Each structure stands twice: as structure tokens, then as C-alpha cells.
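There are 2 protein chains.
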Amino acid sequence: MTIARSTRQSADRGPAARSGEHDGNRGIRLDLRRRQRIVFKEEAPDQLYRVERGCITLDAVLPDDRRQVLLVLYPGDLISRSASPPVPGIGLTAAVASTLTRLPGETIDTAADGVTEMLRLHAAVAQLSARSTLHAMAIGRLTSEERVATLLTEIALFCGRAIQGSYSFEMPLSRDDMADYLALNPDTLSRLMSRLRARKLIAMPTRNRAIVRDLDALMALTPLAKAVLALRGSVERGATAAG
Amino acid sequence: MTIARSTRQSADRGPAARSGEHDGNRGIRLDLRRRQRIVFKEEAPDQLYRVERGCITLDAVLPDDRRQVLLVLYPGDLISRSASPPVPGIGLTAAVASTLTRLPGETIDTAADGVTEMLRLHAAVAQLSARSTLHAMAIGRLTSEERVATLLTEIALFCGRAIQGSYSFEMPLSRDDMADYLALNPDTLSRLMSRLRARKLIAMPTRNRAIVRDLDALMALTPLAKAVLALRGSVERGATAAG
DNA sequence: GCCAAGGGTTGATCCAGATCAAGAAACCGC
DNA sequence: GCGGTTTCTTGATCTGGATCAACCCTTGGC
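Same order as they appear, the protein sequences are chains C and G.
Quick note on my numbering: the first sequence kicks off at 86 and runs consecutively.
Quick note on my numbering: the second sequence kicks off at 86 and runs consecutively.
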């Protein structure tokens, strides 16, 4: 709901942040602070970005401030402007402090320097398309509770660490981010989270840390759980074998 | 809402239908009757399809019959299982009688036989991803009237023929298809269409023919009109210059 | 430790769109 | 043309989630 403020990228960065630096010929590294944005401009060349660390949302804001998070991107994901809808103000927002690599080459056409590389690229874009349509399914046809369960399943599987049956993770998205992703309003979402907490399916020891206590029960709440799991699997395969 | 019945593909086809025939080395031609489905099966190899004629929906049905049309595909579009979410029962449905080409090669990896071809493929998948996320934006954040206006704009631009200011076209989608695409219920959609008719923005001389009388007014109803127009433009460019 | 600001929660009320139900057109095979 | 079927329309009613508003909790600056 709130428009992400577009903070300048400069000034007092910590010593670890070396944004904008060339990393050999493997692209330019960009360190983003929380809420920092990269806006896709129509006239700019079509750049390809890879998420290295953190969590990035692809989002757009309508003239009247209605915001929709279109995709949540995790480390390893590739995104470009050409794979995003041409709406004004569309771009990437760091949900938490994150690192991106802007891949070399003026345009996508020259970014991939071999057939193998290109296949990997194709697979990544195809997977993103799959996630996007799954997301459309979720916001189009799931009840609010089912949507929340789907997102929590996704985050647990993409960001979580299994510890004795539970999945513990840093919650990368704020309540508003989650609401904007699920096309719910933050108040409704808060109620739903409270309900899941009351039912002991999840716990939140601090504001940014979440534990999924019973992943099976959570997954039983949404008809899309299996699909999320399968997509997660294909990411892992993609990371090793480019397919 | 209604489950598309999966009619067998055989028996009394018209003389023009020569489905399954090899078309040189350019793939296998598939003629689909209205409502005929191609189900993406997990275990099958990842095939690439091109829409040649007609209109195809990518859709999935939840166990309790909630159906969501994830994408509407027009001639020239490319789609594969790997670019679709891995939900059971996902597949392609012919909204009207259509022709598909199943591109040669066991898997996508070998379908593209050159870098140029591959770029074209990449561009097509990227564009589909863009359309999908735009769709998520529409069903996530637009009111029902805005959604209808967006879809009508899209169909007018993708299927319509401009005749003295109006756009006339065969309506490829049934009311139920439209409703499933827009995540609305068919009754609500019918009311909205009646309202647009009453306002003279559109006219429907027969059930399957529609005329957009005032495209500008229609586009003024939705904040995504410009984006749809831009995507349409990129299709046209893609058709001639591969990217 | 205190204060301010940003997030998150929760209750009360409201409304857009869903659901239910009954017809009315359009289309199809004969 | 005619019956049967599918598709579409429209009215009456209902409800899930939005909206509004107040409050509370956490965090961070000093």
C-alpha cells in the first residue's frame, strides 16, 4: 500500500558495500539497502539482473497508489525488463538488504555468450513465467487463507532451514509487502497470521523471524502446495545442472 | 467454472483437419476443435507449441473445480510446460477451433537449432512472462470494470480489425472463459458487459462477434491500457524482427 | 530511560462482487 | 420451422474481505 521510497544509492554505505563495482567480466555488483529501488525505464537498454543475496520484489504502482507485488525473487533468480510488463513505475524493490549482479552486455542478446549459457537463461525465464502464472492462480482463485498458506510455504521452502521438523527463517517481506503480493489488505493479512499463530502452525519469536512449526498442516491448507514444492525442486536442479 | 470437457481427438474431423501431420521439419501440426485440450503431463518431455490460428487458453482447475485461465494465447505465441506452473491438470484449451504446431525435438534444448532461433525463443518466453505478470496485476489490483476493460482492449488489439474507428472482431472467449481469466464470476461479468453495451462503448451484433465502438473511452477505463498497447506493439515487432 | 516513529494488531462497519434462482436468447440438429 | 440444449442475462440476497479508526508493540536515537 505504501509506495516504496526511492532512496538514493550513495553516501554513507557500510564498508562491506561496494556497489557498482565490476566483478571481473561477470557483471556489475549492486548492493541495495532495504526499500531501495531499481526502476525499469522504457528508454533504457534491456538489462539482465541476477539476485545474489537477499530478497527482491518485482512490483508496480498504479497512478492511484494501488501497489501490486508481481513476483518475489530469491537468490539465483534472473529478471529483465523485457520479461516484465511495460507499466510505468515498474521495477525491483529490495525487500531486505540484497545484492544484485547486473550481467554484462548492452542488451540481453549479447549477454549469453554460448549456447549452454543461453539454455540456462531460457530455463530461468521459463521458470519465472511458471511462478508468475502460479501466482495469478493464487490471487485469482484462492481464498485469503489459502493465499497466505501458499506464500508461507513458498518462503519456508525458499528461505527456510529445516530444524527438527520446523522451518525457521528470516521473514524477508514486511506485512505490507506480503499483502501487496497476495492482493490482500494488510489488516486482513494480519488477522490471518494471528489465526495461524493461534493454531500453532507458525510462530514469530521476533518481528522478522518466523518458524513454520507444522509444514504439512500448512501445506494442507492450500491446493497449490505441491506446485510450490515442485517449483522449488526445479530451482535446485537448475542451480546444478542448468535444466 | 465449468470444467472443459476433454473431447477425444479422432473420428469425424472435417476434410480440412489434418491433425498430427508432419509439416516438413517445421514441427507437427495439430488441429484442435473448440474445447479440445492438451494436458501437460509431468512425466512427458517438455514440448514447445506455437499457436498458428485461433485462440488458446492456458488454464488449470483446482480439485474443487475452481478454474483459472492463466493466459490467453494468440497466433504467434509460444508456450511450453516448463513455462507453466506444475499444477495437476494444467494444460491448453482451445477457446475456439485452433491450430497448433508442436515444434520438433524431444526437448526444448534441441528445438532451437541456432542462436538466432534461440533469441527468438527467449524473446517469446520473456514476453509471455510479461503478459502473465501484467495479468497478475489486473486480477490483483483492478476493479471488475477495469479488468473487463483491460481484456476487451487486449482482444480488440490482438484480434480486431479497425474499421472506421471501430474495432470489429470474432470474440474468441466464451463468457465463462472471460470470467475465469478475469477471476470474476460469470454473472458479474455479464452485468458489466451489459453496462458497457448500454453506454455504447461496445456492441455485440451476434453472440460471437463484438465491436468496440469507442476504443479510447474503453482504454480510459483501465490504468493498464497503455501497457496492453505496448505489449501488442512488441508482438508485432517480434513477428518481423525476432526481438 | 524516554520519546518518537514506523509497524503490526484488532474491533466495528461497509460494500463490491459472489451466489442463488429464474428466465430469455441464441444456436444446433433434424 | 421446431424442440432441445447451451449460453447468457438479470433480479434478490448474502458474505468475505476492505475500510476506518484506535491502540499497542517494537526499535532506534539521544
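The C-beta atom is built at its ideal place from N, Cα and C for all residues, glycine as well.
These numbers come from a predicted model, not from an experiment.
ask   = Where does T186/C sit, in a helix, a strand or coil, going by DSSP?
value = T186/C: strand per DSSP, three-state reduction.
query = Counting Cβ pairs, one atom from each stretch, are 3 or more of them under 8 Å apart for the segment 260–273 of chain C and the segment 142–156 of chain C?
reply = yes
task = Go through its chain and collect everything with a Cβ distance to G245/G's Cβ below 8 Å, but skip five positions before and after it.
result = Y252, S253, F254, V297
Whole-angstrom distance between G176/C and E137/G, CA atom to CA atom = Going from the Cα of E137/G to the Cα of G176/C covers about 33 Å.
message = Let me see if you follow: with CB-CB separation under 8 Å, is L206/G close to chain C or not?
response = yes
task = Consider the Cβ of P290/G: report whether some Cβ of chain C lies at a distance smaller than 8 Å.
result = no
message = Any beta carbon from chain G within less than 8 Å of I240/C's own beta carbon?
response = No, I240/C lies away from the interface with chain G (no Cβ there is under 8 Å from its Cβ).
message = For A264/C, would you say it is in contact with chain G, using Cβ-to-Cβ distances shorter than 8 Å as the test?
response = no
message = Give me the chain C residues within the contact set of L155/G, using Cβ-Cβ distance strictly less than 7 Å, ordered along the chain.
response = Per Cβ cutoff of 7 Å: T218, A221, M222.
request  = Express the C-alpha separation of A305/C and P173/G in angstroms, rounding to a whole number.
outcome  = 16 Å
As assigned by DSSP and simplified to three states, the class of F254/C = strand
Alpha carbon of E240/C to alpha carbon of R292/C, nearest angstrom = For clarity, residue 240/C is Ile in the given sequence; the question names Glu instead. C-alpha of I240/C to C-alpha of R292/C: approximately 15 Å in a straight line.
ask   = Looking at chain C, which residues of the segment 289–316 of chain G have a Cβ within less than 8 Å of any of its Cβ atoms?
value = P308, L309, K311, A312, A315, L316
inquiry  = At the level of alpha carbons, what is the spacing between A247/C and S167/G?
reply    = If you take the alpha carbons of A247/C and S167/G, they lie about 28 Å apart.
ask   = Does L188/G come within less than 8 Å of chain C when only Cβ atoms are used?
value = Using beta-carbon distances, L188/G does not count as an interface residue toward chain C, since no partner is under 8 Å.
request  = On a CA-only basis, which of T184/G, Q212/G, E127/G is nearest R135/G? Give me that one, please.
outcome  = T184/G
query = For L219/G, which of L133/G, V313/G, S165/G, R122/G has the nearest alpha-carbon?
reply = V313/G
key: Range of the contiguous alpha helix (DSSP H) that encloses I240/C   = 229–244
inquiry  = At the 8 Å Cβ level, is V42/C part of the contact set with chain G, yes or no?
reply    = Outside the displayed span of chain C (86 to 328) sits residue 42/C, for which this structure offers no information.
query = Looking at the structure shown, is Q139/G part of a helix, part of a strand, or coil, going by DSSP?
reply = In the sequence on display, residue 139/G carries Gly and not Gln. Here G139/G sits in coil by DSSP.
Beta-carbon spacing of R260/G, S279/G below 8 Å = no
query = How would you write the range of the alpha helix (DSSP H) that L303/G sits in, first residue to last?
reply = For L303/G, the uninterrupted alpha helix (DSSP H) run begins and ends at 300–305, by DSSP.
Selection from L204/C, I164/C, E202/C that minimises the alpha carbon distance to T186/C = I164/C
message = Taking 8 Å as the threshold (beta carbon to beta carbon), is S229/G in contact with chain C?
response = Chain C, which has no Cβ nearer than 8 Å to the Cβ of S229/G, makes this no.
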